[in-house]
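The sequence shown finishes on residue 528 if you use UniProt numbering, and the numbering steps up by one all the way, no holes. From the three backbone atoms N, C-alpha and C, an ideal C-beta is built for every residue, glycine too.
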Amino acid sequence: MGEQLSPDEKLHLITRNLQEVLGEEKIKQVLAERELKVYWGTATTGKPHVAYFVPMSKIADFLKAGCEVTILFADLHAFLDNMKAPWELLELRVQYYEQVIKAMLESIGVPLDKLKFIKGTDFQLSREYTLDVYRLSSMVTEHDAKKAGAEVVKQVDHPLLSGLLYPGLQALDEEYLKVDAQFGGVDQRKIFTLAEKYLPSLGYAKRSHLMNPMVPGLTGAKMSSSEEESKIDLLDRKEDVKKKLKKAFCEPGNIENNGVLSFVKHVLFPLVGEFSIKRDPKFGGDKTYTDFEEVEKEFGEELIHPGDLKAGVEVALNKLLDPIRKKFESPELRKLSNTAYPDPSKNKGAGKGNPKVAEEGELVPSRLDIRVGKVISVEKHPDADSLYLEKIDVGEAEPRTVVSGLVAYVSQEALQDRLVVLLCNLKPQKMRGVESQAMLLCASIEGETRRVEPLDPPEGSSPGERVFVEGYETGKPDDKLNPKKRLWEKLQVDLKVSGQCVAQWQDKHLMTKLGHITCKTLKGGNIS
Numbered sequence: 001m002g003e004q005l006s007p008d009e010k011l012h013l014i015t016r017n018l019q020e021v022l023g024e025e026k027i028k029q030v031l032a033e034r035e036l037k038v039y040w041g042t043a044t045t046g047k048p049h050v051a052y053f054v055p056m057s058k059i060a061d062f063l064k065a066g067c068e069v070t071i072l073f074a075d076l077h078a079f080l081d082n083m084k085a086p087w088e089l090l091e092l093r094v095q096y097y098e099q100v101i102k103a104m105l106e107s108i109g110v111p112l113d114k115l116k117f118i119k120g121t122d123f124q125l126s127r128e129y130t131l132d133v134y135r136l137s138s139m140v141t142e143h144d145a146k147k148a149g150a151e152v153v154k155q156v157d158h159p160l161l162s163g164l165l166y167p168g169l170q171a172l173d174e175e176y177l178k179v180d181a182q183f184g185g186v187d188q189r190k191i192f193t194l195a196e197k198y199l200p201s202l203g204y205a206k207r208s209h210l211m212n213p214m215v216p217g218l219t220g221a222k223m224s225s226s227e228e229e230s231k232i233d234l235l236d237r238k239e240d241v242k243k244k245l246k247k248a249f250c251e252p253g254n255i256e257n258n259g260v261l262s263f264v265k266h267v268l269f270p271l272v273g274e275f276s277i278k279r280d281p282k283f284g285g286d287k288t289y290t291d292f293e294e295v296e297k298e299f300g301e302e303l304i305h306p307g308d309l310k311a312g313v314e315v316a317l318n319k320l321l322d323p324i325r326k327k328f329e330s331p332e333l334r335k336l337s338n339t340a341y342p343d344p345s346k347n348k349g350a351g352k353g354n355p356k357v358a359e360e361g362e363l364v365p366s367r368l369d370i371r372v373g374k375v376i377s378v379e380k381h382p383d384a385d386s387l388y389l390e391k392i393d394v395g396e397a398e399p400r401t402v403v404s405g406l407v408a409y410v411s412q413e414a415l416q417d418r419l420v421v422l423l424c425n426l427k428p429q430k431m432r433g434v435e436s437q438a439m440l441l442c443a444s445i446e447g448e449t450r451r452v453e454p455l456d457p458p459e460g461s462s463p464g465e466r467v468f469v470e471g472y473e474t475g476k477p478d479d480k481l482n483p484k485k486r487l488w489e490k491l492q493v494d495l496k497v498s499g500q501c502v503a504q505w506q507d508k509h510l511m512t513k514l515g516h517i518t519c520k521t522l523k524g525g526n527i528s
C-alpha cells in the first residue's frame, strides 16, 4: 500500500482534510527516504462515539500513503485525567476500545494487519520511562503543564497533580513509540507544542504533528463521551440514532456550529465520497452530492431542509454502524460492554456502594426481583392436567417450586434444563393445592389461537443472575411485593416484546450483565 505513490502524492494523502500540520518540512524529508511512522493515541475513558470515525478516516489515509501506523490505548492517561477511568476498570476499557475500534476500522475497509496496537502500561511503567518522567518534571513548569492540558485534561476547581503529568507523558510517548509524527485533534495542539519544546531538552528529536478539526456535537458544541445528548454511541440502536438526530441542533440556513452538517463534511464524505438525500419531487426530489461544498451551499441557501439533511445522515450513519452492532451481538462482547461501562442508575440518590432503595410509592422496575432460573425438573400438576409443576434453580440453597400453565404451549422435554426468567418477589400463591413460589415470565400473543413462549436469558447466563431494566441497574428490589399496592400489575402493563424480539419496559431493554432478554418469535407480544 503506497508503493506506487510519489512522495508528493503521499504527503497529499497524509495531510488532506487536516486543520493544521506542524513540521511539514520534516515529513517531506522523511518521505523522500522512507515511509512515515505515525501514532494516534486515545485515552480509554468514555465509550467511543461516531466522531471517532474522523480519526479512523485519517488512519485509512495514512495506510494508503504507506505509513507505519501505531494505535496507542492510553490506559494510564485515562486514569491520570482526573480519574475518568477507575483503576479497576482500566483493563476492561482497554479491551472494549480495542474491540470497538477494530470493528470501526473493519466497517470502513481498513486492513488491520497493517496496524500496530499497543497499551500504554506496556511501556509507561518501565524503569527508563519512569526516569524520563522525573527528568521532564524537573524541566516543565507548573504553568506550562497546566496550559498544555487545558483543552484535554478535565478542568476542575481543585485539580489533581496527575493532570499536570498527563501532557508530559504524551510527549514522551513519541520517543518511546519511535515515531516521526503524532496525530490528534486540534484540541491537542498545546500538548504537541510542549513536546516540541521539551523533548530536545532530554536529547530526543522533535517530532511533527498532524491535527484534525474538532467535529461539533449534536448540540453544536464539541462531541463528548461524557455528554449523552451531544453524541451518538457506536452501539446505539437505530431508534436511538433517529431520536438523537431529531433533537440535534440544525437551524435552517445555519452552517456554523452545525453538528449534523459537520458530520457530513468530516465523516461521510471522507469515508463514502458522496451524500444522498431523499425528498418529495415538489421540494427538488432525490439528489446525490459528490462534493461537500455543494451540500453546504444549498443548505446555507435553505434549498436543503434540516429534516432532509438529518434523514440522509441517519441512513448513511446506520450503514457504518450496522457491522459494529452486529459484531457486538456476541455474548462475550455484550458482557465486555456491560462490565467495562456499568450504567449508573437513573434513580436519584443512588449512592456509591449503596444502591438506592425505591420509595414506597415509586413505580420503578428495579422493585421487581427478576432473575435467571434453570428448570431442574418438570412434571404435570397432580391435580390439574393443564398445569406444570416445575422445580427451578434461582441461585438459592433450595430450588423454588413454580406452577405454570405452559402445558398447551411447551413440551416437558423442551422445558427440562432450560434457562428461564422468573419474577421472584410476588407473594406465594396456592394453585390447586400447591404453593407457587415464583412466576415464570412469558411472551404471549392473543388471536384465534393463543401463542405463548417463555422468555430466554442471554446465552451463558447462570441461575440467580439478576435481570434489570436499562437505566435501573442499581435499584434494590422489594423483599416482597405488597399485593394490595398492585405494583406488579401497574408495571406489567408496560412490558412488551419489541420488533426484534427483545423484552422491554417502556422501550428500555430487559437485560442481564451478558445482554438482552428475548423470546424466539413473538414480536410485539405482551409479557406476563
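State yes or no: is the C-beta of residue i within less than 9 angstroms of the C-beta of residue j?
{"i": "residue 65", "j": "residue 5", "result": "yes"}
{"i": "residue 460", "j": "residue 514", "result": "yes"}
{"i": "residue 174", "j": "residue 199", "result": "yes"}
{"i": "residue 303", "j": "residue 15", "result": "no"}
{"i": "residue 72", "j": "residue 118", "result": "yes"}
{"i": "residue 150", "j": "residue 190", "result": "yes"}
{"i": "residue 388", "j": "residue 378", "result": "yes"}
{"i": "residue 525", "j": "residue 473", "result": "no"}
{"i": "residue 61", "j": "residue 22", "result": "no"}
{"i": "residue 217", "j": "residue 51", "result": "yes"}
{"i": "residue 327", "j": "residue 106", "result": "yes"}
{"i": "residue 100", "j": "residue 324", "result": "yes"}
{"i": "residue 397", "j": "residue 527", "result": "no"}
{"i": "residue 47", "j": "residue 31", "result": "no"}
{"i": "residue 124", "j": "residue 169", "result": "yes"}
{"i": "residue 116", "j": "residue 70", "result": "yes"}
{"i": "residue 163", "j": "residue 90", "result": "no"}
Identify the residues that DSSP records as bridge partners of residue i: which are they?
{"i": "residue 71", "result": "40, 117"}
{"i": "residue 423", "result": "370, 439"}
{"i": "residue 529", "result": "Outside the displayed span of the chain (1 to 528) sits residue 529, for which this structure offers no information."}
{"i": "residue 466", "result": "371"}
{"i": "residue 306", "result": "Per DSSP, none; premise fails for residue 306."}
{"i": "residue 400", "result": "392"}
{"i": "residue 260", "result": "DSSP lists no partner for residue 260."}
{"i": "residue 527", "result": "443"}
{"i": "residue 286", "result": "Per DSSP, none; premise fails for residue 286."}
{"i": "residue 378", "result": "390"}
{"i": "residue 516", "result": "511"}
{"i": "residue 20", "result": "211"}
{"i": "residue 454", "result": "442"}
{"i": "residue 200", "result": "Residue 200 pairs with nothing; no bridge assigned."}
{"i": "residue 434", "result": "431"}
{"i": "residue 384", "result": "381"}
So residue i is in the beta strand (DSSP E); what residue range does that whole segment cover?
{"i": "residue 182", "result": "181-185"}
{"i": "residue 508", "result": "508-512"}
{"i": "residue 277", "result": "275-277"}
{"i": "residue 429", "result": "429-431"}
{"i": "residue 503", "result": "503-505"}
{"i": "residue 135", "result": "Here residue 135 belongs to no beta strand (DSSP E); instead the alpha helix (DSSP H) covers 127-137."}
{"i": "residue 208", "result": "208-212"}
{"i": "residue 175", "result": "Residue 175 -> not in any beta strand (DSSP E); alpha helix (DSSP H) instead, spanning 162-176."}
{"i": "residue 497", "result": "495-497"}
I'd like the span of the alpha helix (DSSP H) that includes residue i, first residue to last.
{"i": "residue 104", "result": "90-107"}
{"i": "residue 266", "result": "Per DSSP, residue 266 belongs to no alpha helix (DSSP H) and is neither H nor E."}
{"i": "residue 31", "result": "24-33"}
{"i": "residue 331", "result": "331-340"}
{"i": "residue 147", "result": "142-148"}
{"i": "residue 7", "result": "7-15"}
{"i": "residue 491", "result": "487-492"}
{"i": "residue 245", "result": "238-247"}
{"i": "residue 412", "result": "412-415"}
{"i": "residue 300", "result": "292-300"}
Taking 9 angstroms as the CB-CB limit, is residue i close to chain B?
{"i": "residue 479", "result": "No chain B appears in the structure shown, which is made up of a single protein chain."}
Within 8 angstroms: the Cβ of residue i and any heavy atom of the ligand ATP?
{"i": "residue 408", "result": "Looking for the ligand ATP in the displayed structure turns up nothing, as the structure carries no ligands at all."}
Are three or more beta carbon pairs between the stretch 134-145 and the stretch 48-62 nearer than 8 angstroms? Touching, no.
- request: Count the C-beta pairs between the stretch 465-482 and the stretch 412-420 that are closer than 8 angstroms, then say yes if the count reaches three, no if not.
  value: no
* To do: Evaluate contact between the stretch 29-39 and the stretch 166-183, counting only Cβ atoms and requiring at least three cross-stretch pairs below 8 angstroms.
  => yes
Discussion item. Three Cβ pairs or more, each shorter than 8 angstroms: is that satisfied between the stretch 292-303 and the stretch 255-262?
Written reply: yes
TODO: State whether the stretch 320-328 contacts the stretch 499-511, with contact taken as three or more CB pairs (one from each stretch) at a distance under 8 angstroms.
DONE: no
### Task
Please confirm if the stretch 277-284 is in contact with the stretch 247-258, defined as three or more CB-CB distances below 8 angstroms between the two stretches.
no
**OP:** Take every Cβ of the stretch 363-372, pair it with every Cβ of the stretch 423-432, and state whether three or more of those distances are shorter than 8 angstroms.
**Re:** Counting Cβ pairs under 8 angstroms, three or more are found: they touch.
Whether or not the stretch 430-445 and the stretch 478-485 are in contact is what I'm after, with contact meaning three or more pairs of Cβ atoms, one per stretch, closer than 8 angstroms; do they touch? no
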